[in-house]
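3 is the number of the first residue of the sequence shown in our numbering; add one for each residue after it.
C-beta atoms are modelled at their ideal positions from N, C-alpha and C, and glycine is treated no differently.
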Amino acid sequence: MSSLYKRCDSRYYWYTTEIKGRRLRKSTRMSHRHLSKKVQQDWDLKIALGDKSFLGLPALSSGQLSIFLEDYIKFLDNRKSRKTVITARGVLQRFHTYLKQKKVNMMTDITVKAVNGYLDVLDLAPKTKKNHLVEISLMLDQAVKEDVLKDNPARLASLPRMVQSDRHRLLEEIDLEIIFENAGGWDLYYRFLYHTGLRAGDVSSLTYGNIDRRRKVITQFIRKSRQMHEFPLADILLDRIKQAPDLQEPIFPALYSDSEVTLNGKLKKPRKYLQEILKVYGRPKATLHSFRRTFNNALRDLGLPIEDRQVLLAHASAETTKVYTNPNPELARRYVNQIPKFQNVTKT
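What follows is the structure, given as structure tokens:
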């Protein structure tokens, strides 16, 4: 259903309609409503007859691969976040490079075999390959909506077998000893992760203004919950934080960034350093998020209830906190042994 509307920056009436899920707008070049209504009726008839040339759609719905990808990114840029657009652009540029190597230049030449071949050549984890397939499928879905393709070949593509792995594994005592003995310049950063349980990105965003020395708390805006939270500050951290005259100064300037995309790139340095330490000593791979999981389990072992741990981890639900909690047989055994014992007394 089309409609007419006025814009504050134009003296003309504007025509708007939706075609295949895309909202389109075009000036009628008419300043009188009765004349713009005639233009509207004429354009509605053209669309009903399949003529969309007056809207300038040929380029938008081009079957040429490079043109369609370029226009699809512009389409996303007007609707999605910067992070989403950057992710999509990176995946689709890589996909486009592969297709050019295979002499695929038209959208209609993209087949299930081509998508599977792209996934096979990616030297990435199965989960990351799945993310690539999702981005490609979304792009091809849009091509179907614009009548460039009849169906989406990515929906029939086959993902590699998913290998179960404990990526954010619990750090054992030996792991922590190895890490802190070899942490080097990342020592304070790793200690913040371990003694606060904050996510890696939130620790990287800390400034000296977030530290309340008198109350011994951290006041921080948590990105995931989009709320301000207060967390207790361990004495070992308070003793290691310098006094800074500028409260806006970041505690970890090498990692600080207002851009989430840039921040994720910077976090690669301490993550890779951590994994290299563990690799040298023959320990299983872990991530920066492993500190958060270890923090939760350490507090559980000390007897802190799950409701309090939920607050410290800034989880919206205790169910999420349960996911972070590993079974502790030794602790369970101590509780089991405290159950009242009843002797078997034989009646005579």
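For residue 189, which beta-bridge partners are listed by DSSP? The partner list for residue 189 (beta bridge, DSSP) is empty, contrary to what the question assumes.
Kindly indicate which residue of 202, 201 and 239 has the alpha-carbon position closest to the one of residue 210. 239
Going by DSSP, what residues sit across from residue 241 in a beta bridge? Answer is none; residue 241 lacks a bridge partner.
For residue 93 and residue 262, I'd like the C-alpha separation in whole angstroms. 18 angstroms
Nearest CA to the CA of residue 69: which residue from 109, 273, 216 and 155? 109
If you compare alpha carbons, which of 184, 291, 53 and 12 is closest to residue 198? 291
Can you check whether the C-beta of residue 129 is within less than 9 angstroms of a C-beta belonging to chain B? Considering every chain present, this structure includes no chain B. It has just one protein chain.
What number of angstroms, rounded off, separates the C-alpha of residue 279 from the C-alpha of residue 126? 22 angstroms
Would you kindly work out how many angstroms separate the C-alpha atoms of residue 42 and residue 203, rounded to a whole number? 51 angstroms
For the candidate residues 140, 163 and 49, whose alpha-carbon lies nearest to that of residue 155? 140
Kindly give me the distance between the Cβ atoms of residue 31 and residue 14, rounded to whole angstroms, as I take these residues to be in contact under 8 angstroms. 6 angstroms
How would you write the range of the beta strand (DSSP E) that residue 206 sits in, first residue to last? No beta strand (DSSP E) contains residue 206, which is instead part of the alpha helix (DSSP H) from 202-206.
First and last residue of the alpha helix (DSSP H) that includes residue 74? 67-79
How many angstroms separate the CA atom of residue 233 from the CA atom of residue 205? 12 angstroms
Am I right that residue 66 and residue 118 are in contact with their C-beta atoms under 8 angstroms? What's the rounded C-beta distance? 23 angstroms between Cβ atoms; not a contact.
My understanding is that residue 177 touches residue 285, with C-beta atoms under 8 angstroms, so please give their C-beta distance in whole angstroms. 6 angstroms
Whose CA, out of 46, 16, 103 and 45, lies closest to the CA of residue 33? 16
Looking at residue 114: is its Cβ nearer than 9 angstroms to the Cβ of residue 158? yes
Minimum C-alpha distance to residue 3 - residue among 47, 9, 11 and 35: 47
Thinking residue 192 and residue 254 are a contact (beta carbons under 8 angstroms), I'd like their distance in whole angstroms, please. 11 angstroms between Cβ atoms; not a contact.
Inter-residue Cα distance where the pair is residue 171 and residue 257: 23 angstroms
How would you call residue 54, buried or exposed, if buried means at least 16 neighbouring beta carbons within 10 angstroms? buried
Endpoints, the beta strand (DSSP E) within which residue 148 is located: Segment: none, residue 148 is in no beta strand (DSSP E) and carries neither H nor E.
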